[in-house]
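Quick note: the sequence shown uses numbering that gives the first Met the number 0, first residue 0, plus one each step. Note that the Cβ used here is the ideal one computed from N, Cα and C, for glycine as well. These numbers come from a predicted model, not from an experiment. Comments concern the structure below.
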Amino acid sequence: MQNQIYSIEEAANALSIKRELLLRWMDYFEVKADKSKMLTKEQLTLLRTVQYLLHEKGYTMEGAKAVYQNKQTQLKEAVEIIDELSSIKTYLLNVKSNLQEL
């Protein structure tokens, strides 16, 4: 998630979901792309938070929306930490693989 703007396809790929699912989430959570169908980093973070609530915490769409509206700041920080830890994990797995090749 290094770019500052993302196409719908890039956002779906970044979240490892289908484009149709992303569009459904965007509609339900009122995430509006600009005229060129681009999303900002903040919008992608919101969608990653939605993904966290739905897939990892098991909320329904309605429940996820309610939780998000009540705990935006805490959820955003939690998702950012999870993303950073995931990046670190990937890096460490690459280091391990490279060391094993020696």
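Between the CA atoms of residue j and residue i - distance to the nearest angstrom
i          : j          : result
residue 38 : residue 26 : 13 Å
residue 61 : residue 87 : 32 Å
residue 73 : residue 14 : 20 Å
residue 11 : residue 4  : 13 Å
residue 85 : residue 92 : 11 Å
Of the residues the options, the one placed nearest residue i, counting alpha carbons only
i          : options    : result
residue 17 : 66, 46, 82 : 46
residue 41 : 34, 35, 30 : 30
residue 6  : 36, 76, 28 : 36
Paired residues, beta bridge with residue i - DSSP
i          : result
residue 37 : 6
Rounded distance between the beta-carbons of residue j and residue i, thought under 8 Å
i          : j          : result
residue 51 : residue 80 : Residue 51 to residue 80, Cβ: 11 Å. No contact.
residue 44 : residue 64 : Incorrect: roughly 16 Å between the Cβ atoms, too far for contact.
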